[in-house]
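The letter at position 405 of the sequence shown is residue 429 when you use my numbering, and the numbering goes up by one with no holes. Note sheet for the following structure.
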Amino acid sequence: MVSLQLLEQYHPDKVPRVNVITNYLPLELFDDEEYDCRTPENWLELGVIKGVRNPLPGEAFVPVHGEELEPFTNLDSLYMHMCQWVNVAVMDYDPETKLWTIFTLDGTRRTAELPRIYVMFKAEDPWVFARRIKAAVDLRRETEATLRYKFYLNTMLLVDIPELDDDLIDKIYYTATRNNFMKETPSWNQFRLDAEKDPRLKQYVDIIRKNWDEPVKMVPRLKTGMRSFIGMRDYFKWMNIYVIPETYRAMFFVVGECLKGEQMSLFTKSYGIKHITLEEFDTVQTQCTNNVIKHLQGQWLETIVYNIRMCLGDVGKGWFDINVYNHEIYEVSKLKRFMELIKFRMQYTLRILVLNSIELFIDLVETPCLPCLEVEEDFVWGPNLIESDFVSKASAIFILQLKMDDNGASTTPVSL
25 MVSLQLLEQY HPDKVPRVNV ITNYLPLELF DDEEYDCRTP ENWLELGVIK
75 GVRNPLPGEA FVPVHGEELE PFTNLDSLYM HMCQWVNVAV MDYDPETKLW
125 TIFTLDGTRR TAELPRIYVM FKAEDPWVFA RRIKAAVDLR RETEATLRYK
175 FYLNTMLLVD IPELDDDLID KIYYTATRNN FMKETPSWNQ FRLDAEKDPR
225 LKQYVDIIRK NWDEPVKMVP RLKTGMRSFI GMRDYFKWMN IYVIPETYRA
275 MFFVVGECLK GEQMSLFTKS YGIKHITLEE FDTVQTQCTN NVIKHLQGQW
325 LETIVYNIRM CLGDVGKGWF DINVYNHEIY EVSKLKRFME LIKFRMQYTL
375 RILVLNSIEL FIDLVETPCL PCLEVEEDFV WGPNLIESDF VSKASAIFIL
425 QLKMDDNGAS TTPVSL
């Protein structure tokens, strides 16, 4: 608690004279230990490493040490400067006094014993600890207000005040509770004004002001061209396929598998070695394409079918009965439209797969040829036959063997 005499000594002009309410009950009395996720023994066991108990890291709300008082505009700012949260090392716990021994790590090297409400471990949830403090503060405020109210009633002067008979009490109760509304009389208005002006009554009487709701603005009906709202609603319910959670989950899994398929490619840039021949290039690309097609025709379809069965298998009779055998019933059910939507999504995946594969193959073929793009028709190689002026940053697509004999130059295969 802050001493008013100390405040008057430093700031005689800043000290409020009226309506000063300080908490006279300690906060630890209202601490709810149900918020704590561990017992004190369990907290201490967290610091045991190889049989040696070490201090636990945490934060504690301790007074500021050696800080000079500065001018403040209100008591709240002064309270915040009087105490603060600092990093501490929790050393020990006394089960008799229920106090934790802490050692401050703010440079002052102070030791103190604090209740649990003022100590927060680094290993606990700060949101839960904040709710714990708020619950204790609210309960203390309510308790102190109740005690003040009881004390106010007990100190009222009741000498020469006649007692009310039962009929009058019933009439007052009926008038006050009828339709949950109390009529404001001139006496009540005068009492409310007096209570608002007298600061001594604010700590005992809570004046509730009547909140006036703003009138709702009347908006004329807008013409939307809809002939029948009920008919449009029924049509929307008939056409919409997302009417049960199972359809959302099924489409979620289908879209997930389709996204995986879009990331695949019919061609590959990775050969495993630096250079390959044309035959090896054709073999590698053909094998990659066959593997992707095999995956799409096998595991990809099986995974989608399995996810749909797992989501819609327990729906039972209705619009999404996957066990229906009558083709006419299937044609008018929402399951058919749902399967058509899945089919279109899979077709879109194949389209994206082909487009991405074409872009990859074009990049694979064009990139090594970019240095030769601006070569003139009258270009002469020159005497240096070992080093080339057309060196690409990308690796070659495939290699050819150049042979020189009496008949001239040739490559393998000869068809090229």
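Backbone N, C-alpha and C fix where the C-beta goes; we use that ideal spot for every residue, glycine too.
Where residue i falls, given that 16 or more other Cβ within 10 Å makes a residue buried
{"i": "I328", "result": "buried"}
{"i": "M256", "result": "exposed"}
{"i": "T271", "result": "buried"}
{"i": "V152", "result": "exposed"}
{"i": "L181", "result": "exposed"}
{"i": "E281", "result": "buried"}
{"i": "L53", "result": "exposed"}
{"i": "A274", "result": "buried"}
{"i": "H349", "result": "Residue identity check: residue 349 is Tyr in the sequence provided, not His. Y349 comes out exposed."}
{"i": "D194", "result": "exposed"}
{"i": "D55", "result": "buried"}
{"i": "W405", "result": "exposed"}
{"i": "I386", "result": "exposed"}
{"i": "V389", "result": "exposed"}
{"i": "R375", "result": "exposed"}
{"i": "I382", "result": "exposed"}
{"i": "V279", "result": "exposed"}
{"i": "L16", "result": "No answer is possible for residue 16: it lies beyond the span of the chain, which begins at 25 and ends at 440."}
{"i": "Q425", "result": "exposed"}
{"i": "I185", "result": "exposed"}
{"i": "T373", "result": "buried"}
{"i": "L217", "result": "exposed"}
{"i": "F145", "result": "buried"}
{"i": "V112", "result": "buried"}
{"i": "F362", "result": "buried"}
Close-in-space but distant-in-sequence residues of the same chain around residue i (CB under 6 Å, 5 per side omitted)
{"i": "K360", "result": "Y354"}
{"i": "I300", "result": "F422"}
{"i": "I268", "result": "none"}
{"i": "G71", "result": "R77, N78, L80"}
{"i": "A433", "result": "none"}
{"i": "K427", "result": "S434"}
{"i": "T135", "result": "F127"}
{"i": "S416", "result": "P392, P395"}
{"i": "E137", "result": "L123, T125"}
{"i": "F277", "result": "N331"}
{"i": "N47", "result": "none"}
First through last residue of the alpha helix (DSSP H) which encompasses residue i
{"i": "F253", "result": "253-263"}
{"i": "K146", "result": "First-last for K146: undefined, no H or E at that position."}
{"i": "L177", "result": "150-178"}
{"i": "V279", "result": "269-286"}
{"i": "E65", "result": "64-69"}
Close-in-space but distant-in-sequence residues of the same chain around residue i (CB under 7 Å, 5 per side omitted)
{"i": "E148", "result": "C61"}
{"i": "V143", "result": "G82, A84, V114, W124, I126"}
{"i": "L68", "result": "R77, Y117"}
{"i": "T248", "result": "none"}
Range of the contiguous beta strand (DSSP E) that encloses residue i
{"i": "M363", "result": "That residue, M363, is in no beta strand (DSSP E); its alpha helix (DSSP H) goes 358-390."}
{"i": "W124", "result": "123-128"}
{"i": "L426", "result": "425-429"}
{"i": "A420", "result": "No beta strand (DSSP E) contains A420, which DSSP labels as neither H nor E."}
{"i": "V110", "result": "107-118"}
{"i": "D137", "result": "A small fix is needed here, since residue 137 is Glu in this sequence, not Asp. Counting along the chain, the beta strand (DSSP E) containing E137 begins and ends at 135-138."}
{"i": "F85", "result": "80-87"}
Close Cβ partners of residue i (< 8 Å) along its chain, the five nearest in sequence each way excluded
{"i": "D345", "result": "V339, S357, L359"}
{"i": "V445", "result": "Given a span of 25 to 440 for the chain in the structure shown, any question on residue 445 remains unanswerable."}
{"i": "K261", "result": "V267"}
{"i": "V88", "result": "H105, M106, C107, Q108"}
{"i": "L49", "result": "R164, T167, E168"}
Contact with chain B by residue i, beta-carbon distance below 8 Å
{"i": "L53", "result": "Going by chain labels, chain B is absent from the structure shown, which holds only one protein chain."}
**Item:** At least three beta-carbon pairs within less than 8 Å, the segment 335-342 to the segment 239-246
**Value:** The segment 335-342 is not in contact with the segment 239-246.
**Item:** Within the segment 291-352, ranges of the alpha helix (DSSP H) (whole runs, at least 4 residues)
**Value:** 302-319, 325-336, all fully within the segment 291-352.
**Request:** Indicate whether the contact test is met: 3 or more Cβ pairs, each with one atom in the segment 113-129 and one in the segment 154-170, closer than 8 Å.
**Result:** Contact between the segment 113-129 and the segment 154-170 is absent: fewer than 3 CB-CB pairs across the two stretches fall below 8 Å.
**Request:** Determine contact between the segment 308-323 and the segment 286-294, defined as no fewer than three beta-carbon pairs at a distance below 8 Å.
**Result:** Yes, the segment 308-323 touches the segment 286-294.
**Message:** For the pair the segment 367-384 and the segment 396-405, tell me if three or more CB-CB distances fall below 8 Å.
**Reply:** Remark: fewer than three beta-carbon pairs, one from each stretch, lie closer than 8 Å, so the segment 367-384 and the segment 396-405 are not flagged as touching.
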